[in-house]
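Residue numbers (the working numbering), protein chains in the order written: chain X, 2 to 275; chain V, 40 to 747. Note that the Cβ used here is the ideal one computed from N, Cα and C, for glycine as well.
Structure representation (structure tokens):
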């Protein structure tokens, strides 16, 4: 942990120094009436290409280009640095032209989604570790189905003929919908277990009306409810950690296209020399 | 404690390949994936993997271990698979969906860019923002400013690699901004040679000053080429909204090109030198002499009893509409009460342009009318203009050749043979008068030949006065000319006496006068801004010295004899007009012009590096008055000193005036130079009003808006 904080501080220090160097360079460049927009724009374009190349790095993992973790650290570092350069390039002002406004918004969405992803990558793993079993995201429907089958077995197949319909009724009334798919996603995001408590209260309320065997089965069902709820918890957070990329990655492609077009137009229209 | 959800051995793990494009539909819908998963094309592979084979009349399951191994039930008796149809509709994996979304986003972005480009030329959607207010009317026309707007995408790509595109675009700026001159793209709009010269002059006066640290560091990052051309966009950044100030630059940016940078106006700025007096005023006016001597109560009442004494500076100077300049009230309001009589010069009869020589009446018997001019002619020669008009009269030329040295003051003592020649002179003068009376300006044009262009534009014309003189002196001239041309004797009836001597007519509006006392036609200035003198001087200062020496009109006006007084300050015009009106010579073209107005009324070709606005300094809150900055110099030069370096000097003969080629063009206004310290009491870091652009123009040849 100590090593982590030292590393963070060094990274922050390096980031600050590089940012200040870029700001100072552009300021000094502007004094000589040189085109600082082209300088900052070129740096920004290089940053965007580097950031986008992280996706490429994942695809060509067989090449010895460094560890994915190192790439991720650089990706985050350059991402923050790109914001400094972007702020410099756009002078912290919202542009007026349509194309530039779209480019501006695209960058900000990509950047903010990156920040969001960075925040998720810092928080969700801890939350995932805190509850339930870590399972592969793609296997969650299968596990959910298995739990559901187990519950149905406990209620219907293991029931004795003399036992009443209390458990099946309880299942149809309160459990069937719960086990059929991912539920209470908002509550999980908000770290709330209120729904689980309510369900457990209902179970507790039912328990006095059951015989001993039914109570054992109800206890097993309660375990499956906890398992299913943990699975839902895993599902929603793993989904979030995967779905934010649906904003970040596609818009990165748009950003590259817009950036290249903007660079071409700027060079042709805004007079690079002189 | 519940048992773990997932086993990790491959035999017990179902199909999960999330990196593939397709995933099993059953996994997604029911959580019951098959082991195989879909094919790369997104097809379910489950069915095709189970094909029972017949062995010894029985069908056996042939499913491989990889696909789950042989099923317990085995094939049906008819050889069909016992498994129900478990085929599903595979779905795209998350990765594939994200990849698809990425492609879609890129496609939409590219489509948008192409729409913005819209064919052969870019649409207004490409505009990065509104242009400034001054360019708003051309905003819709990209090609008005951009070369790239005239071509397609290929042109754009070509231009990105063209280093001169900025200068090409700048050339479009100059189509409208013609006021910046021909060298607008050079630093400060002056030529490289001129820039080097100015730099050398400044370096010679360089004071030790430390450059700001930022400027020293900035010099390490590179520098725009100051020896070459600078694109307009180097300083003027457009498309930042209507309210953008296109000329705003920081002091460091201004100084980044300069060879002698300094910290600020307050610290390190070079001394102002003689500014603003190093460029003498367009109108010579010695404030010190006037305010300290002429406008003193006692002297003023004695020397100029009818003159008007100004009460304060505001009596003569008021700010213009822009507040930048202090206008000078006109001559009539400020100077006329004292100086009008000097200009009109009532004691001076005027410059003679036409005169009848003294010819004895006995010589003119039977030759028609000839007034009795005896004792009236003042000079030995005819006026120069008259000589010019008679230059191509062959009879006249033959006569003066025959007479030899002649004195026009006395043409009466000749023998009969020469008397005929004298008569020819008289007839030549009569023909001249007749021609001008009947043909007017055309006669002048014909007689002056190539010289006519020089004189005919001078107004008022002499023609009406000559015609009037003909009516007075030779009332029957037409008849006389007719008889003379037919070589007939002139009848006595035509020889009527002209108007008696002593008549004098002067047209107060034209300046021309006919004097019957000496039979001359003279010109005397009608007052301030006399048109003929003004026109002649404008012409004279533009001539070179050699051609001016040969110029007859110049000799007329520059001859002190012609002016009537040997001790006058100068020739008629130069002595009067150029005592107050200065002459400027363009350093580039070498052409001179007289400053008739106190402020420039035409495009100034002189370098204007500095500007100053009076109104803000005189506003009530500033507690300043004129004397706060303009302090009289008790050692200031007087008008005599000024004239010693005036534009005109006498030649070696001391008879004529010539243009002073080495004129210092110096004129003090009688004030001490304004010191930088005086300005910096207000313009300092505390008030944050010491920007370079407050006082300095970048475009030194920019046309200034004059205020009348």
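Counted within 10 angstroms of its Cβ, other Cβ atoms place residue i as buried (16 or more) or exposed
i: residue 146/X; result: buried
i: residue 215/X; result: buried
i: residue 235/V; result: exposed
i: residue 6/X; result: exposed
i: residue 374/V; result: buried
i: residue 260/X; result: buried
i: residue 98/X; result: buried
i: residue 174/X; result: exposed
i: residue 606/V; result: Confidence at residue 606/V is low in this model, with a pLDDT of 40, below 50, so its placement is unreliable and the value that follows should be read with caution. Exposed is the call here.
i: residue 634/V; result: buried
i: residue 682/V; result: Residue placement at residue 682/V is poorly supported in this model, since its pLDDT is 45, which falls under 50; the coordinates still yield a value, given next. The residue is buried, with at least 16 neighbouring Cβ atoms inside 10 Å.
i: residue 630/V; result: exposed
i: residue 406/V; result: buried
i: residue 504/V; result: buried
i: residue 4/X; result: exposed
Cα-Cα separation, residue i to residue j
i: residue 207/X; j: residue 221/X; result: 14 Å
i: residue 243/X; j: residue 119/V; result: 42 Å
i: residue 267/X; j: residue 57/X; result: 28 Å
i: residue 72/X; j: residue 55/X; result: 7 Å
i: residue 336/V; j: residue 344/V; result: 10 Å
i: residue 87/X; j: residue 207/V; result: 29 Å
i: residue 222/V; j: residue 230/V; result: 6 Å
i: residue 235/X; j: residue 183/X; result: 10 Å
i: residue 79/V; j: residue 153/X; result: 36 Å
i: residue 481/V; j: residue 461/V; result: 27 Å
i: residue 669/V; j: residue 378/V; result: 25 Å
i: residue 307/V; j: residue 25/X; result: 25 Å
i: residue 608/V; j: residue 172/V; result: Residue placement at residue 608/V cannot be trusted, given a pLDDT of 41 that sits under 50; the coordinates are not used to answer.
i: residue 198/X; j: residue 156/X; result: 21 Å
i: residue 654/V; j: residue 667/V; result: 14 Å
i: residue 352/V; j: residue 646/V; result: 28 Å
i: residue 704/V; j: residue 621/V; result: Any reading at residue 704/V is ruled out, since the residue's pLDDT is 49, under 50, leaving its predicted position unreliable.
i: residue 296/V; j: residue 193/V; result: 36 Å
i: residue 133/V; j: residue 141/V; result: 12 Å
i: residue 276/V; j: residue 35/X; result: 12 Å
i: residue 485/V; j: residue 435/V; result: 16 Å
Spatial neighbours of residue i in its chain, beta-carbon cut-off 7 Å, leaving aside the 5 residues before and after
i: residue 612/V; result: Bear in mind that the predicted position of residue 612/V carries a pLDDT of just 40, short of 50, making it unreliable; the figure below should be weighed with that in mind. If we look at residue 612/V and ignore the five residues flanking it on each side, its Cβ neighbours are 572, 575, 576 and 596.
i: residue 382/V; result: 564, 566, 567 and 615
i: residue 264/X; result: 42 and 46
Beta-carbon proximity list for residue i, same chain, < 6 Å, skipping 5 on both sides
i: residue 284/V; result: none
i: residue 603/V; result: Any reading at residue 603/V needs caution, since the residue's pLDDT is 39, under 50, leaving its predicted position unreliable; the model's value is listed next. Excluding residues within five positions, the ones whose Cβ falls inside 6 Å are 387.
i: residue 138/X; result: 239
i: residue 665/V; result: 352
Residues bridged to residue i (per DSSP)
i: residue 94/V; result: 97/V
i: residue 366/V; result: 357/V
i: residue 623/V; result: 632/V
i: residue 649/V; result: 735/V
i: residue 559/V; result: 394/V and 554/V
i: residue 83/V; result: 77/V
i: residue 671/V; result: 710/V
i: residue 307/V; result: 303/V
i: residue 131/V; result: 61/V
i: residue 445/V; result: DSSP lists no partner for residue 445/V.
Proximal residues to residue i (C-beta, below 8 Å), its chain only, five neighbours per side dropped
i: residue 84/X; result: 112
i: residue 33/X; result: none
i: residue 368/V; result: 354, 355, 356 and 357
i: residue 40/X; result: 26, 27 and 30
Proximity test, Cβ basis, 9 Å: residue i and chain A
i: residue 279/V; result: You won't find chain A in this structure, because its protein chains are X and V.
beta-carbon residue i near the ligand PLP non-hydrogen atom, thresh 8 Å
i: residue 391/V; result: No copy of the ligand PLP occurs in the structure displayed, which carries no ligand at all.
Would the stretch 164-183 of chain V and the stretch 121-132 of chain X be scored as touching if the rule is three or more Cβ pairs under 8 Å? no
Count the CB pairs spanning the stretch 249-261 of chain V and the stretch 24-40 of chain X that are closer than 8 Å, and state whether there are at least three. yes
Taking 8 Å as the cut-off, does the stretch 295-311 of chain V touch the stretch 241-252 of chain V (at least 3 CB pairs, one atom from each stretch)? yes
Could you tell me whether the stretch 200-219 of chain V touches the stretch 719-735 of chain V, using the rule of 3 or more Cβ pairs below 8 Å? no
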